[in-house]
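Reviewing the structure listed below.
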């Protein structure tokens, strides 16, 4: 996901909502990779941090997508990130 995210060309103008969307995608990619490569111990502070960060990233993605007026598919990415947070919290 990181390679595809990095290959996107940003628009020439800045927009807070689009920046929020991009930051959420980057955070989701980073924390998903961390959890996949180094799963935290169940019930640990590290697990709680990963779940919190993924939940926050899901909110960034959804808020950015809605704020910038992106389509349903982009908003649904936030749902996917939220599912990733739920998976990170699963025993």
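Numbering (the numbering used here), first residue to last: 36 to 126.
Beta carbons are placed, not taken as given, at the ideal position from N, Cα and C, and that holds for glycine.
The structure displayed is predicted, hence computed values, not measured ones.
Segment limits, alpha helix (DSSP H) that includes residue i
| i | result |
| --- | --- |
| residue 90 | 80 to 103 |
Coarse secondary structure for residue i, derived from DSSP in three states
| i | result |
| --- | --- |
| residue 113 | helix |
| residue 59 | helix |
| residue 125 | coil |
| residue 44 | coil |
| residue 50 | coil |
| residue 64 | helix |
| residue 76 | coil |
From the options, residue whose alpha carbon lies closest to that of residue i
| i | options | result |
| --- | --- | --- |
| residue 89 | 67, 42, 71 | 67 |
| residue 57 | 92, 76, 107, 73 | 92 |
| residue 113 | 48, 44, 55 | 55 |
| residue 122 | 77, 50, 42, 61 | 77 |
Supposed close pair residue i, residue j - CB separation, criterion 8 angstroms
| i | j | result |
| --- | --- | --- |
| residue 59 | residue 95 | 3 angstroms |
| residue 63 | residue 86 | That pair is no contact at about 12 angstroms. |
- Tell me, please, whether the stretch 65 to 85 touches the stretch 93 to 104 by the rule of three or more beta-carbon pairs shorter than 8 angstroms. The stretch 65 to 85 makes no contact with the stretch 93 to 104: fewer than 3 CB pairs, one atom from each, lie closer than 8 angstroms.
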